[in-house]
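Here is the structure we will look at.
Residue numbers (this note's numbering), protein chains in the order written: chain A, 1 to 113; chain B, 114 to 228.
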């Protein structure tokens, strides 16, 4: 079975550019989460969706960040404009139902120069 | 404001010995706790969990202990193997809006098991 699929795996961009990260959750999973991993803060929850509806976006750092889930099999996390402090590994995770373990993708490593 | 704290960034253990990873939490509403393991360049993978109604859960070489009064949990790995070398994340689950639960993670502890 395919796991959570994220793209791109690596992204290097310059400050001020728009960045779009993509995620395909596991088929049949109805909850989707975006996390960011940094050395200083570990794994931070940015936003999560239940049945394609954003439930809690309190972790989104600022207005430069936005996330969408237009259908059950696709989500995007966009940063516009990007800044060097956004450099991190961004993980997408999904889950069947409203409780229990999350299944993570392999992450998208973002470097903003 | 870290609700889930892993105060040891790293731990080094000899192969065959016990590894003990610790985690503290502040939110008494957390009702479910999980440990994830992460290898470099991979996503975290689920390892073991425990409900707040229990104080111990065992799965092979891995045992998680929960002390609710102290708001503390620990992961024991016995015996430790070199393949256990990874970053271990503690996570806690809290009921959120709409009846769903979100996972809050600690910063992680890097375990190195030396042959």
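Note that CB positions come from ideal geometry on N, CA and C, so glycine has one too.
Item: Could you tell me how far apart the beta carbons of residue 64 of chain A and residue 47 of chain A are, in whole angstroms, since I believe they sit closer than 8 angstroms?; Value: The pair is not a contact, with the Cβ atoms about 13 angstroms apart (cut-off 8 angstroms).
Item: Can you tell me whether residue 191 of chain B is buried or exposed? The criterion is at least 16 other CB atoms within 10 Å of its CB, across all chains shown.; Value: exposed
Item: Can you tell me the Cβ-Cβ gap for residue 132 of chain B and residue 193 of chain B, rounded? I've got them flagged as a contact below 8 angstroms.; Value: 5 angstroms
Item: When you compare the CB of residue 62 of chain A with every CB in chain B, is at least one pair closer than 7 angstroms?; Value: no
Item: With residue 115 of chain B as the anchor, note down where its beta strand (DSSP E) starts and where it stops.; Value: Segment: none, residue 115 of chain B is in no beta strand (DSSP E) and carries neither H nor E.
Item: Can you tell me where the beta strand (DSSP E) with residue 206 of chain B in it begins and where it stops?; Value: 199 to 208
Item: Quick check on the DSSP output: the beta strand (DSSP E) that includes residue 11 of chain A runs from which residue to which?; Value: 10 to 13
Item: Rounded to a whole number of angstroms, what is the C-alpha to C-alpha distance between residue 152 of chain B and residue 35 of chain A?; Value: 17 angstroms
Item: Mind listing the chain A neighbours of residue 162 of chain B? Cutoff is C-beta to C-beta under 9 angstroms, in chain order.; Value: 100 and 101
Item: What residues from chain A crowd round residue 214 of chain B, counting only those whose CB sits closer than 7 angstroms?; Value: 98 and 99
Item: Over what stretch of residues does the beta strand (DSSP E) that includes residue 70 of chain A continue unbroken?; Value: 65 to 71
Item: In terms of DSSP beta bridges, what is residue 22 of chain A paired with?; Value: A:7 and A:76
Item: Applying the criterion that 16 or more other CB atoms from any shown protein chain within 10 Å of the CB defines a buried residue, is residue 150 of chain B buried or exposed?; Value: buried
Item: Count the other CB atoms within 10 Å of the CB of residue 179 of chain B; is the residue buried (16 or more) or exposed (fewer)?; Value: buried
Item: With distance defined between alpha-carbon atoms, name the residue in B:228, B:227, B:205 and B:226 nearest to residue 217 of chain B.; Value: B:205
Item: With three or more beta-carbon pairs closer than 8 angstroms as the criterion, would you say the stretch 24 to 35 of chain A touches the stretch 82 to 99 of chain A?; Value: yes
Item: Would you check if the stretch 82 to 89 of chain A and the stretch 134 to 151 of chain B touch, i.e. whether three or more CB-CB distances between them fall below 8 angstroms?; Value: no
Item: I want to see whether chain A comes within less than 7 angstroms of residue 155 of chain B, judged by CB atoms only; does it?; Value: yes
Item: If we call anything under 7 angstroms between Cβ atoms a contact, is residue 108 of chain A one with residue 8 of chain A?; Value: yes
Item: So that I know if they touch, is there some Cβ in chain A lying closer than 7 angstroms to that of residue 150 of chain B?; Value: no
Item: Mind checking residue 69 of chain A: buried by the 16 CB within 10 Å criterion, or exposed?; Value: buried
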